[in-house]
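Student: Take a look at this one; I'll ask things after.
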Amino acid sequence: MKRTKNGIFMFYECGFSLEEVSKLCNRSVTTVKKWDNGKPIPRELKLLMMLASGRKMPSLSREWEGWRFRNDRLMSPYQDALTPKRIMANEFLAQLQLKDLKGLERRTYIKILMGTR
(Lines of atoms letter the chains of each structure in order from A and count residues from 1; the text may use other names and numbers.)
(Lines give C-alpha, C1' and ligand atoms only; values in the text may rest on other atoms or scores of the structure.)
Protein backbone atom coordinates (compact mmCIF):
# COMPACT_ATOMS: atom_id res chain seq x y z
CA MET A 1 0.00 0.00 0.00
CA LYS A 2 1.25 3.40 -0.94
CA ARG A 3 0.40 6.67 0.68
CA THR A 4 -1.19 8.21 -2.37
CA LYS A 5 -4.36 10.27 -2.08
CA ASN A 6 -6.42 7.32 -3.31
CA GLY A 7 -4.60 4.87 -1.03
CA ILE A 8 -5.19 7.07 2.00
CA PHE A 9 -8.85 7.34 1.07
CA MET A 10 -9.44 3.61 0.48
CA PHE A 11 -7.32 2.10 3.21
CA TYR A 12 -7.15 4.67 5.99
CA GLU A 13 -10.25 6.86 5.67
CA CYS A 14 -12.64 4.07 4.65
CA GLY A 15 -10.73 1.32 6.42
CA PHE A 16 -10.82 -1.27 3.64
CA SER A 17 -8.16 -3.74 2.60
CA LEU A 18 -7.15 -4.18 -1.03
CA GLU A 19 -9.30 -7.32 -1.28
CA GLU A 20 -12.31 -5.64 0.36
CA VAL A 21 -12.21 -2.75 -2.11
CA SER A 22 -11.90 -5.24 -4.95
CA LYS A 23 -14.91 -7.24 -3.77
CA LEU A 24 -17.05 -4.20 -2.89
CA CYS A 25 -16.46 -2.48 -6.22
CA ASN A 26 -16.55 -5.71 -8.26
CA ARG A 27 -13.16 -4.91 -9.74
CA SER A 28 -9.93 -6.89 -9.90
CA VAL A 29 -7.19 -6.45 -7.32
CA THR A 30 -5.03 -5.21 -10.22
CA THR A 31 -7.50 -2.39 -10.90
CA VAL A 32 -7.54 -1.42 -7.21
CA LYS A 33 -3.72 -1.36 -7.23
CA LYS A 34 -3.86 1.02 -10.21
CA TRP A 35 -6.14 3.31 -8.19
CA ASP A 36 -3.63 3.11 -5.33
CA ASN A 37 -0.90 4.16 -7.77
CA GLY A 38 -2.82 7.28 -8.78
CA LYS A 39 -5.30 6.25 -11.47
CA PRO A 40 -8.61 8.05 -10.73
CA ILE A 41 -11.25 6.10 -8.83
CA PRO A 42 -14.61 6.37 -10.63
CA ARG A 43 -16.84 8.82 -8.77
CA GLU A 44 -19.65 6.32 -8.23
CA LEU A 45 -17.25 3.75 -6.75
CA LYS A 46 -15.73 6.34 -4.45
CA LEU A 47 -19.26 7.16 -3.24
CA LEU A 48 -19.94 3.43 -2.81
CA MET A 49 -16.86 3.12 -0.60
CA MET A 50 -17.95 6.11 1.50
CA LEU A 51 -21.44 4.65 1.93
CA ALA A 52 -20.19 1.14 2.73
CA SER A 53 -17.69 2.42 5.29
CA GLY A 54 -20.32 4.58 6.99
CA ARG A 55 -18.48 7.79 6.19
CA LYS A 56 -21.45 9.14 4.28
CA MET A 57 -25.16 8.56 3.99
CA PRO A 58 -27.21 9.19 0.89
CA SER A 59 -28.53 12.74 0.79
CA LEU A 60 -32.20 11.87 0.80
CA SER A 61 -33.03 15.35 2.03
CA ARG A 62 -31.36 18.17 3.92
CA GLU A 63 -32.66 16.68 7.18
CA TRP A 64 -30.20 13.79 6.86
CA GLU A 65 -27.08 15.90 6.29
CA GLY A 66 -24.32 14.94 8.71
CA TRP A 67 -25.85 11.57 9.64
CA ARG A 68 -23.74 8.42 9.12
CA PHE A 69 -23.24 4.88 10.31
CA ARG A 70 -20.39 3.78 12.58
CA ASN A 71 -20.22 0.06 13.23
CA ASP A 72 -23.79 -0.95 14.06
CA ARG A 73 -25.02 2.47 15.18
CA LEU A 74 -26.60 5.43 13.45
CA MET A 75 -24.60 8.54 14.36
CA SER A 76 -26.28 11.92 14.51
CA PRO A 77 -24.46 15.08 13.44
CA TYR A 78 -23.91 15.65 17.18
CA GLN A 79 -22.23 12.23 17.60
CA ASP A 80 -25.20 10.62 19.39
CA ALA A 81 -24.97 6.84 18.83
CA LEU A 82 -28.43 5.45 18.14
CA THR A 83 -29.34 1.78 18.26
CA PRO A 84 -32.58 0.36 16.83
CA LYS A 85 -33.88 -0.19 20.38
CA ARG A 86 -33.18 3.40 21.32
CA ILE A 87 -34.90 4.73 18.23
CA MET A 88 -37.96 2.54 18.88
CA ALA A 89 -38.13 3.62 22.54
CA ASN A 90 -37.95 7.27 21.53
CA GLU A 91 -40.71 6.71 19.01
CA PHE A 92 -42.80 4.92 21.65
CA LEU A 93 -42.39 7.81 24.07
CA ALA A 94 -43.20 10.32 21.33
CA GLN A 95 -46.38 8.43 20.48
CA LEU A 96 -47.46 8.69 24.09
CA GLN A 97 -47.30 12.43 23.46
CA LEU A 98 -45.59 13.02 26.77
CA LYS A 99 -45.24 16.68 27.40
CA ASP A 100 -44.48 15.90 30.99
CA LEU A 101 -43.05 12.62 32.24
CA LYS A 102 -44.69 12.98 35.65
CA GLY A 103 -47.64 10.95 34.43
CA LEU A 104 -45.44 8.01 33.46
CA GLU A 105 -44.49 5.77 36.32
CA ARG A 106 -40.80 6.25 37.12
CA ARG A 107 -40.08 2.51 37.09
CA THR A 108 -41.67 2.08 33.66
CA TYR A 109 -39.67 5.00 32.27
CA ILE A 110 -36.40 3.57 33.64
CA LYS A 111 -37.18 0.12 32.18
CA ILE A 112 -37.81 1.65 28.76
CA LEU A 113 -34.56 3.62 28.85
CA MET A 114 -32.47 0.74 30.20
CA GLY A 115 -33.74 -1.52 27.44
CA THR A 116 -32.40 0.93 24.85
CA ARG A 117 -28.76 0.98 25.94
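Just so we're aligned: the sequence shown equals residues 842 to 958 in the working numbering. Even for Gly, the Cβ is constructed at its ideal location relative to N, Cα and C.
In angstroms with no decimal places, state the Cα-to-Cα distance between Gly879 and Ala935.
Tutor: 50 Å
Student: Kindly indicate which residue of Asp921, Glu904, Thr845 and Leu886 has the alpha-carbon position closest to the one of Leu865.
Tutor: Leu886
Student: Taking the straight line between their C-alpha atoms, what separation do you get for Glu906 and Met929?
Tutor: 21 Å
Student: Which first and last residues belong to the beta strand (DSSP E) in which Met916 is found?
Tutor: Arg914 to Met916
Student: Is the CB-CB distance between Ser894 and Gly848 below 7 Å?
Tutor: no
Student: Using DSSP with H/G/I as helix, E/B as strand and the rest coil, what is Phe910?
Tutor: strand
Student: In its own chain, which residues sit with a C-beta less than 7 Å from the C-beta of Val873, not counting the 5 before and 5 after it?
Tutor: Leu859, Val862 and Ser863
Student: If we call anything under 7 Å between Cβ atoms a contact, is Met891 one with Lys897?
Tutor: yes
Student: Less than 8 Å between C-beta atoms, sequence neighbours within five positions excluded: which residues of the same chain meet that for Leu923?
Tutor: Arg914, Leu915, Met916 and Ser917
Student: So Glu861 is in the alpha helix (DSSP H); what residue range does that whole segment cover?
Tutor: Leu859 to Cys866
Student: Starting from Asp877 and walking both ways along the alpha helix (DSSP H), at which residues does that stretch end?
Tutor: Val870 to Asp877
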